[in-house]
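Student: My structure is below; once you've seen it, I'll send some questions.
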Amino acid sequence: MNRLKILLIGCLTITSQIVAQNLVMQNDIVEQQFGKQILYKDSNNNLLNGYYKIADNRGNFIDAHFKNGTKEGIQTNYDYKERKLSEKSFKNGKTHGKYKRFHQNGQVNVQGEFVNGNQEGKWEYFNDKGEIEVREFYKSGKAEGKWWKKVRTNSNIASFITENYKNGEHYGRSEQKDADGKIEWERKYTNDGSYWHKSYYSNGKPEIEKNLKDYKLDGVQKTWNQNGILLSMKTFSKDQIQQEIYYYKNGHKDQVHNYSYGKKEDLFERYTEKGIKLEVGYYKHGFKTGVWKNFDSETGRLITERTYENNVLNGIYKSYNEANKVSTEGSYKNGEQDGIWKHYNLAGKLIQETEYQIGKEISEKKYK
């Protein structure tokens, strides 16, 4: 009988020593990192060994086990109200095994698994009602396979995203659909930074189509209105705009702009809604240059020709009458009328000459 008592007391003593916890404050723990390895020491520079309850100044604490200064086994985190926040396992100082994080109401928030410090296999995220919001897959810490995610719009309407990954990067097709299965956007990836994208209005009509290469806009970008009418077409190269074409609702061109290094360059065109050319000219380094022509909005006949230099009128000016003959001709200097300006009747006969000096009228002659 006495031997049995002694044996029981010995077992209890050993058990109590095994499960006994050291109570310490987080500020008393010293972390030392050597490469990827982290060692934990107490205030006396001793490596932590055994079970510890470690608290911060707000009352949050963790239950953890250490072996020769590294984390080993299960670590559980609690808040100041002793609500479980997370639970994870360690092996040789690395996260290894099942992982869980919790909402304040106790529902699982995140669950997954680590292998040698890397996320592995299926990971799932839940709301505080236990409904799944995200499903991910990993291989050696890199995204892999088909991912699924539920998102909500500003009006709290749910949509669902599916994405495909290969070796940690987007790959192949991704899409977002509403609760009724209608497509909201779709993408086709070559890698994370290179993909084709197209988004849609709620009625199924296309809204925007674009291409990215190495995270930069590249190629043609199109936009439509909700009726499926093309509104604009822009061409990019390495995120730099090259050309813009805008359209009227009837499909006719409105304006055409060309660019170089972000500034307007070369040909510019503007049209009426009926497709009649209104204006044509050229830019250089963002400024109007050379001869610009304006046309009648009904007939398309030439009305005026103006000459620009660095966005300022400089050079010959001509206007034309309904007989397609010159009605006025002269020249500008630094934006001001300068020199002899001539005026003609419909038959092309000279009827008036006016002389200007940098915008100021000097003399006038009229002819019968």
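Plus 38 on top of the position in the sequence shown (first one is 1) and you've got our numbering.
Backbone N, C-alpha and C define an ideal beta-carbon position, used for all residues, glycine too.
What did DSSP end up calling CYS49 once you bin it into helix, strand or coil?
Tutor: Confidence in CYS49 is poor, its pLDDT being 36 and thus under 50, which makes the residue's placement unreliable; the coordinate value appears in the next sentence. Looking at CYS49 - three-state DSSP - the assignment turns out to be helix.
Student: Which partner residues does TYR89 have in the DSSP bridge list?
Tutor: Answer is GLN59 and HIS103, bridged to TYR89.
Student: Check for me: the beta strand (DSSP E) holding LYS406 runs from which residue to which?
Tutor: Taken as a continuous stretch (DSSP letters only), LYS406 belongs to no beta strand (DSSP E), as it is neither H nor E.
Student: How far does the beta strand (DSSP E) with SER335 in it reach, from first residue to last?
Tutor: It is not in any beta strand (DSSP E) - SER335 carries neither H nor E in the DSSP assignment.
Student: What distance in whole Å lies between the Cβ atoms of SER237 and GLU222, which are believed to be in contact at a cut-off of 8 Å?
Tutor: Confirmed, about 7 Å.
Student: Skipping 5 residues on each side, what residues in its chain have a beta carbon closer than 7 Å to that of TYR309?
Tutor: Once the five neighbours on either side are set aside, the close Cβ partners of TYR309 are HIS290, LYS291, ASP292, LYS315 and LEU316.
Student: Please state if the CB of VAL62 and the CB of LYS79 are separated by a distance shorter than 8 Å.
Tutor: Contact: no.
Student: Would a C-beta distance cut-off of 8 Å place TYR284 and SER270 closer than the cut-off?
Tutor: Contact flag set, yes.
Student: Can you give the beta carbon distance from GLU171 to LYS188, rounded, assuming they're within the 8 Å contact cut?
Tutor: Right, their Cβ atoms sit about 5 Å apart.
Student: Expressed to the nearest angstrom, what Euclidean distance is found between the alpha-carbon atoms of ALA281 and TYR358?
Tutor: The amino acid at residue 281 is misidentified as Ala; the sequence shows Gln. Roughly 31 Å between the two C-alpha positions.
Student: Measure the alpha-carbon distance for PRO244 versus GLY266 and round it to whole angstroms.
Tutor: About 6 Å.
Student: Taking 8 Å as the cut-off, decide whether the C-beta atoms of TYR320 and LEU340 are in contact.
Tutor: Not closer than 8 Å, so no.
Student: Mapping the DSSP letters down to three states, classify GLN64 as helix, strand or coil.
Tutor: In this structure, GLN64 counts as helix in the three-state DSSP scheme.
Student: Rounded to a whole number of angstroms, what is the C-alpha to C-alpha distance between GLN390 and GLU399?
Tutor: Between GLN390 and GLU399, the C-alpha separation is close to 13 Å.
Student: In angstroms, rounded to a whole number, what distance separates the CA positions of GLN295 and LYS302?
Tutor: Going by the sequence as given, residue 295 is His instead of Gln. Roughly 7 Å between the two C-alpha positions.
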